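> These protein sequence lines map, in sequence, to chains A and B.
Counting along the first sequence from 1, when you hit position 15 you're at 15 in the UniProt record's numbering, and nothing is skipped either side.
Counting along the second sequence from 1, when you hit position 68 you're at 68 in the UniProt record's numbering, and nothing is skipped either side.
Structure below; questions to follow.
Protein chains: 2
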Amino acid sequence: MPEALPAAPADLPQWLARVGMRATPPRLAIWQALHDAKDEPDAVELMVLAQQVEPRTSLGTVYRFLRELEQHGLASSRPVAHQRSRWRLGASTESSARNEAALAAVARLAAAFGYRLVPAA
Amino acid sequence: MPEALPAAPADLPQWLARVGMRATPPRLAIWQALHDAKDEPDAVELMVLAQQVEPRTSLGTVYRFLRELEQHGLASSRPVAHQRSRWRLGASTESSARNEAALAAVARLAAAFGYRLVPAA
DNA sequence: CTTACTGCAAATCATTTGCACATTT
DNA sequence: AAATGTGCAAATGATTTGCAGTAAG
């Protein structure tokens with residue numbers, strides 16, 4: 001069972017600390033942008049939004065942070081053909097994404113036992 | 001409403017002709033591979049399968065043909081994060097057999113640790 | 001101080017496209 | 001012959017990663 005989701009941007013720092021991550025300006029800015037977004041922004045849109053708060057935010061950091069959030073079940077991506085993936089907070093409502101999150105959890109679990117998952121065939 | 005879907009590989013040539021496309025060996029091979037596939041192959045898998053019938057089939061042609069099929073509503077792709085898109089004939093259906101199998105496996109794994117799966121939200 | 005984070009640029013990976021040649025009608 | 005299709009390789013676009021410098025705890 002994953003950790004509880006921060007209810008507001010203000011809770012992020014403690015949440016990050018709990019999972020061994022540091023609270024930095026770019027991360028707070030990215031989180032806020034994602035938190036405030038009404039739709040599902042893509043990485044570039046998030047970078048632009050975050051830069052309005054923390055101008056030094058770079059695209060690489062956006063992608064890195066989003067991936068980390070996803071691995072902790074805090075955010076999820078929706079891949080779109082021929083376009084950048086779109087991101088949202090929390091788990092995806094879609095079954096395939098739910099499966100991916102579940103698989104990721106199993107992968108993490110397996111890792112705790114010294115194993116990793118590889119494609120069957 | 002798009003044109004009717006060919007029931008079998010043999011119907012492809014006339015279908016292609018109807019929409020102004022030519023029936024060629026690579027296309028027939030790709031179609032057959034997609035038609036025979038039980039799961040949702042990606043472009044590379046389709047290329048390998050098609051090459052067993054028509055060795056000259058190239059990846060570029062696979063992608064081109066798949067895109068054309070999709071534009072005519074004959075096939076559809078399911079984009080997957082960090083992986084090649086998966087293709088199938090006809091319109092997309094949400095839950096695939098593979099997803100269900102994955103969930104079942106997760107359920108079994110969870111059960112082994114004394115848990116059971118419940119809907120997220 | 002030690003370890004984690006960042007920007008930047010180069011590297012990857014899937015997919016597309018330009019082009020000269022081959023094939024279908 | 002005219003119009004399409006094809007292979008190949010180079011181009012693109014999204015995402016990742018290596019690295020040397022910065023900052024958080």
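Built from N, CA and C at the ideal position, the CB exists for glycine as well.
Fair warning: this is a prediction, and the values are worked out from it, not measured in the lab.
(1) Mind listing which residues of the region 67 to 90 of chain B have their C-beta closer than 7 angstroms to chain A's C-betas, in chain order?
(2) According to DSSP, is B:L66 helix, strand or coil?
(3) Sort out for me which residues DSSP pairs A:D36 with in a bridge.
(4) Report yes or no: do the region 39 to 57 of chain B and the region 70 to 86 of chain B share at least 3 C-beta pairs separated by less than 8 angstroms?
(5) If you reduce the DSSP assignment to three classes, tell me which class B:R56 lands in.
(6) Rounded to a whole number of angstroms, what is the C-alpha to C-alpha distance between A:P25 and B:S77?
(7) Could you pull the start and end residues of the alpha helix (DSSP H) that B:L74 belongs to?
(8) Which same chain residues, not among the five before or five after A:L59, have their C-beta less than 8 angstroms away from its C-beta?
(9) Tell me where the beta strand (DSSP E) around A:R18 begins and ends.
(10) Answer yes or no: does any C-beta atom of chain A fall closer than 8 angstroms to that of B:A97?
(11) Distance check for A:R27 and A:A33, CA to CA, integer angstroms please.
(12) From this set, B:L74, B:L69, B:A29, which residue's C-alpha is nearest B:P55's C-alpha?
(13) Just the Cα atoms here: how many angstroms apart are B:V62 and A:L74?
(14) So, for A:A50: in the same chain, excluding its five sequence neighbours on each side, which residues have a beta-carbon less than 8 angstroms away from its beta-carbon?
In brief:
(1) Hits within the stretch, in order: S77, P79, V80, A81, S85.
(2) Start at 1 with the first residue of the second sequence, and residue 66 of chain B comes out as number 66. Helix, per DSSP.
(3) Numbered from 1 along the first sequence, position 36 holds the residue referred to as residue 36 of chain A. The partner list for A:D36 (beta bridge, DSSP) is empty, contrary to what the question assumes.
(4) These segments touch.
(5) Counting from one through the second sequence, the residue named residue 56 of chain B turns up at place 56. Three-state DSSP puts B:R56 in coil, outside helix and strand.
(6) Your numbering for residue 25 of chain A matches position 25 in the first sequence. Your numbering for residue 77 of chain B matches position 77 in the second sequence. Looking at the backbone, the Cα of A:P25 and that of B:S77 are separated by about 39 angstroms.
(7) As a first step, residue 74 of chain B must be located in the second sequence, where it is residue number 74. Where B:L74 is concerned, there is no enclosing alpha helix (DSSP H), given that its DSSP letter is neither H nor E.
(8) For the purposes of this step, residue 59 of chain A is identified with residue 59 of the first sequence, where counting begins at 1. Taken in chain order, the residues that qualify are A43, V44, M47.
(9) Sequence index remark: in the first sequence, residue 18 of chain A carries index 18 (1-based). Boundaries for A:R18: no beta strand (DSSP E) harbours it, while the alpha helix (DSSP H) harbouring it runs 12 to 18, taken from the DSSP string.
(10) Locating residue 97 of chain B in the second sequence gives position 97, where the first residue counts as 1. Bear in mind that the predicted position of B:A97 carries a pLDDT of just 48, short of 50, making it too unreliable to give a figure here.
(11) Against the first sequence, residue 33 of chain A aligns to sequence position 33. Against the first sequence, residue 27 of chain A aligns to sequence position 27. Cα-Cα distance, rounded: 10 angstroms.
(12) Translated into positions along the second sequence, residue 55 of chain B becomes position 55. Comparing alpha carbon positions, the residue from B:L74, B:L69, B:A29 closest to B:P55 is B:A29.
(13) Taking the first residue of the second sequence as position 1, residue 62 of chain B is located at position 62. Taking the first residue of the first sequence as position 1, residue 74 of chain A is located at position 74. A direct Cα-Cα distance of roughly 37 angstroms separates B:V62 from A:L74.
(14) Here the question's residue 50 of chain A lines up with position 50 in the first sequence. Cβ contact annotation for A:A50 (same chain, cutoff 8 angstroms, sequence separation greater than five): P26, A29, I30, Q32, A33, T57, V62, in chain order.
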